[in-house]
Amino acid sequence: MDDALEVLLREDPSLKVTVDEESGQTLLSGMGELHLEIAKGRLDDLKAKVELGKIMVSYKETILEKASGEKEQDGVKLSISIEQNPQEASKLAKNMRYVDLSDHNYLAVPYEPKDWNLHKLMPYETLTNAIISGTISSIQRGPILKLPLHSVLVTIDSIDVADDFQDATVLINVTRQLFAQLLSSSENFNIMEPMMKVSVEVSPEDIGSVIQDLTSVRKGVIDSIDEDEASSSLAEFKLISENQYVPYDPTLEFIKLRTDFTTGQKINAQVPLKEMIGYLPKLRALTQGRATYHMEFKGMEQVTAERMKEIVEEY
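Last residue of the sequence shown: 315 in UniProt numbering, with the numbers rising by one and none dropped.
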């Protein structure tokens, strides 16, 4: 199996393989349902001895209310706070350097004090790099389902070390212990799930059943219902052709009588990615194969209390 996965990753670097620490299972991550289906077919070609489970959606966790803490140990005094990442840049402090930790997570680091090197043996950059390292490892496991954090802002409120302090490992450990305190209460956290922007092109006779499926079965929200541009253009061409003189032709007249230029509709919705797994066969069944759909990633959004309960039960 390992050899086959190595070949697969070499052929397609966008795939990612990880091992779940608790279950020991190997997880193959990709860019969508079709992407993973192709990867599965390639593993079969490579004669890999694997049993693939169901497709899983990558959820995240985030904090609800700001939490702060302080820890003093072994010559280190560190104070940090963690809160939801503000969407507006104007709400960010101007006297900080912001480090991108991925997944819309940021670490706000105070700029180096002017007299730091006059009193401290440890360079300020080494100190901040140690805190960054401790922060990155700490935000990989939230308190609800041990999922990585998303959309949080971590701020170093204050940092001081003894003048002769030089051990970066101690600083990393202090950072991790402080985070363990701040992430100990699952009540102050929520789960985030990936949301998709979905566009479904349907004929008028199918629009009701498709909307009902999207809103009730798939827990989606309808943004708008528009006229399909392609079918609208086809109707315009029909009108133009009817105003043009063409010599009588029985065959053309027969085609004209049988052609239905019904204007199609486009349903625009927001739907959780989890509910879109296996959607194409369902859509074809609902519309007798007349509808098509397209979706793209919209972003991560917090779930309701009811939805969080469902996700927790799945895990």
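Every residue gets a Cβ at the ideal spot worked out from N, C-alpha and C, and that includes glycine. Keep in mind it's a predicted model, so treat the numbers as computed, not measured.
Rounded to the nearest angstrom, the Cβ distance from P143 to S186 is 4 Å, consistent with a contact under 8 Å.
If the five residues before and after S138 are omitted, its C-beta is found closer than 6 Å to the C-beta atoms of R176 and F179, all from its own chain and listed in chain order.
Around the beta carbon of Y315, fewer than 16 other beta carbons lie within 10 angstroms, which makes this residue exposed.
DSSP places E314 inside the alpha helix (DSSP H), whose first and last residues are A305 to E314. For F189, the secondary structure class from DSSP, reduced to helix, strand or coil, is strand. In the same chain as Q73, and ignoring 5 residues on each side of it, the C-beta atoms closer than 6 Å to its own belong to V174, in chain order. Residue pairing from DSSP leaves N117 without any beta-bridge partner.
Pairing L153 with E83 gives a Cβ-Cβ distance under 7 Å.
Counted as a single uninterrupted DSSP element, the stretch harbouring S68 is not any alpha helix (DSSP H) but the beta strand (DSSP E) occupying residues A67 to Q73. Straight across, the Cα-Cα distance linking K274 with P194 is about 8 Å. The DSSP-derived three-state label of L28 is strand. Under the DSSP assignment, P143 falls outside any beta strand (DSSP E); it carries neither an H nor an E label. Secondary structure of P281 (DSSP, three-state): helix. In the three-state DSSP reduction, V50 falls in the coil class, being neither helix nor strand.
For E11, there is no enclosing beta strand (DSSP E); the enclosing alpha helix (DSSP H) has its first and last residue at D2 to E11. DSSP places A93 in no beta strand (DSSP E); its state is neither H nor E. For I156, the CB contacts under 7 Å within the same chain, skipping 5 residues up- and downstream, are I80, A108, V109, P110 and I131 in chain order. Beta bridge pairing from DSSP links P272 with M195. Here K77 carries a strand assignment [DSSP, helix/strand/coil].
In this chain, the beta strand (DSSP E) harbouring F297 covers T292 to Q302.
The DSSP-derived three-state label of D44 is helix. Residue pairing by DSSP puts Y106 in a beta bridge opposite D100 and L153. The alpha carbon of K16 has as its nearest neighbour, out of V7, L28, R10 and Y124, the alpha carbon of L28.
Contact between the region 276 to 283 and the region 208 to 222 is present: 3 or more CB-CB pairs across the two stretches fall below 8 Å.
Between the alpha carbons of K219 and E37 lies a distance of about 25 Å. Secondary structure of I55 (DSSP, three-state): coil. Each of Q265, Q166 and N129 was checked against the Cα of S199, and the nearest Cα belongs to Q265. For Q265, the pairing in a beta bridge is given by DSSP as V202 and E227. For E61, the enclosing beta strand (DSSP E) starts and ends at K60 to I63. In the structure shown, the three-state DSSP call for S133 is helix. Looking at the backbone, the Cα of V19 and that of Q25 are separated by about 6 Å. Across the structure, M1 and E301 are spaced so that their CA atoms are roughly 35 Å apart.
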